[in-house]
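The number in this note's numbering is simply the position in the sequence shown, starting from 1, with 49 added.
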Amino acid sequence: MIRLIARPAPSRFWLWATPVLAVLATMVAGAVLFAALGTDPLEALKVIFWDPLLGANAGYFRGQLLIKAGPLMLIAAGLAVGFRAGIWNIGAEGQYIVGAICGAAVGLAVYPAESVLIFPAMVVAGALGGWAWGMIPALLKNRFGASEILVSLMLVYVAQNLLAWAAFGPLKNPAGFGFPGSRNLQQYPSAHNGELIAGSGLHWGGVAALAALVGTYVLMSRHIAGFRIQVAGDAPKAARFAGVAPARLVAFCLGLSGALAGLAGMFEVAGPSGQITDAFGAGYGFTAIIVAFLGRLNPIGILLAGLLMALTYIGGDMAQLMLRLPAAAIQVFQGMLLFFLLGFDLLTNYQVRFGGRVGA
50 MIRLIARPAP SRFWLWATPV LAVLATMVAG AVLFAALGTD PLEALKVIFW DPLLGANAGY
110 FRGQLLIKAG PLMLIAAGLA VGFRAGIWNI GAEGQYIVGA ICGAAVGLAV YPAESVLIFP
170 AMVVAGALGG WAWGMIPALL KNRFGASEIL VSLMLVYVAQ NLLAWAAFGP LKNPAGFGFP
230 GSRNLQQYPS AHNGELIAGS GLHWGGVAAL AALVGTYVLM SRHIAGFRIQ VAGDAPKAAR
290 FAGVAPARLV AFCLGLSGAL AGLAGMFEVA GPSGQITDAF GAGYGFTAII VAFLGRLNPI
350 GILLAGLLMA LTYIGGDMAQ LMLRLPAAAI QVFQGMLLFF LLGFDLLTNY QVRFGGRVGA
């Protein structure tokens, strides 16, 4: 018989060992998956994890690593704060999309004017758009007791339809010969989020991600608000007794995560993506959930997890091109990471015992 015995306190060893085990288990299971698809598993893992960093064209792909990791880390930083408080924002993808729409709308509204104020105004609009979208589940939870999980998730589909409406409607390029999609912001200097160092892949989105990680570290470890967030997550009744207002905490956490997700969308549409299209959403909001948990809701862990997930994005694209692996196989590979992480996480709070008799 296998028994699970609750630990008196979470194991610090397993808390940090489980992400490593999850990555290793994902690689083993991924190898089995690739072999079942008729692809050399060792070659597939090499293309995904080795070639982008140390392969023939590694210089280019290392720059892409920061481009992909930036939005993941920025969104995950906001999600981690809410998750620590037991507030589950599953709809960051919708907030990411709305932030991109709002940021792009500001830039396109004044096209082709040139001013140093345009890009900062887009940043503010992107953050406010994501914040407003995040506040919808916060208000419904506080006023009616609605589940923020379901509301935030359902709002993703509303945001996707809003994106299609914007791409085919008010933000559609008037000089685009009838094709959906906005003007290309990469060709609009005042609204373009270009590389800060040529060839590095670092733009203002990456800077904002690092700033967000530093900010969340200070918030959670050096500020009374961070203490209240952790108490609310670990002992909700004690938090209420200590005077923590649940409604304010919900609004703060969902607003913060929404604003950071909106910023990520704005930096993406003004930079690597370049325009609003009906296919703008890249799934960063959902992948950031994996990044937050893989990083143990810790800023340093999120930094490393963001780089790892960005590597799977880049390596996955290379595997599709070079080895003709289906895109779905790469998505399954990424999903395995969260599956194994949640499975091994059991060891953090429980000890596994084998043997003994089954009780009557």
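Even glycine gets a Cβ: it sits at the ideal position worked out from N, Cα and C.
Counted as a single uninterrupted DSSP element, the beta strand (DSSP E) harbouring Ile51 occupies residues Ile51 to Ala55. In this structure the stretch 303 to 321 touches the stretch 134 to 152; the number of beta carbon pairs closer than 8 angstroms is three or more. In this structure, the straight-line span from the alpha carbon of Ala257 to that of Gly320 is close to 13 angstroms.
Between Phe110 and Ile379, the gap from beta carbon to beta carbon reaches 7 angstroms or more. Burial is judged here by how many other beta carbons sit within 10 angstroms of a residue's own beta carbon; Val263 has fewer than 16 and is exposed. In the DSSP annotation of this structure, the continuous segment of the beta strand (DSSP E) that includes Val401 starts and ends at Tyr399 to Phe403. The C-alpha of Ile278 is placed about 23 angstroms away from the C-alpha of Phe335. When the Cα atoms are used, Asp327 and Ile146 turn out to be separated by approximately 10 angstroms. Taking 7 angstroms as the cut-off, the Cβ atoms of Met358 and Leu121 count as close. Distance check between Ile167 and each of Met203, Ile349, Tyr237 and Ile185 places Tyr237 closest, using alpha-carbon atoms only. If you compare the alpha carbons of Gly108, His272 and Val130 with that of Ile338, the shortest gap goes to Val130. For the options Gln113, Phe403, Phe389 and Leu103, the alpha carbon positioned closest to that of Ser249 is the one of Gln113. A direct Cα-Cα distance of roughly 29 angstroms separates Ala158 from Leu115. Excluding five sequence positions before and after Thr75, the CB atoms of its chain that fall closer than 6 angstroms to its own CB belong to Met385, Leu386 and Phe389, given in chain order. Contact between Leu370 and Leu86 fails: their C-beta atoms lie close to 15 angstroms from each other, not under 8 angstroms. The alpha-carbon separation between Leu64 and Thr397 amounts to approximately 6 angstroms.
The continuous alpha helix (DSSP H) containing Lys190 extends over residues Ile167 to Phe193.
Judged by DSSP in its simplified three-state form, Ile136 adopts coil rather than helix or strand. The Cβ atoms of Ala125 and Ile351 lie closer than 7 angstroms to each other. Residue environment analysis places Gly194 among the exposed positions, since fewer than 16 neighbouring C-beta atoms fall within 10 angstroms of its C-beta. With a threshold of 16 other beta carbon atoms within 10 Å, Tyr206 falls short and is exposed.
Cβ-Cβ separation between Ala174 and Ala281: approximately 31 angstroms, too far for a contact (criterion under 8 angstroms).
When only Cα atoms are considered, Phe342 and Phe217 end up about 36 angstroms apart. When C-alpha distances from Glu163 are compared across Gly292, Tyr266, Gly79 and Leu234, the shortest belongs to Leu234. Closest in alpha carbon position to Val318, among Leu199, Ala66 and Gly230, is Gly230. In the assembly as shown, Asn106 is an exposed residue. Its beta-carbon has fewer than 16 other beta-carbons within 10 Å. Rounded to the nearest angstrom, the Cβ distance from Ala215 to Leu312 is 18 angstroms, too far for a contact under 8 angstroms.
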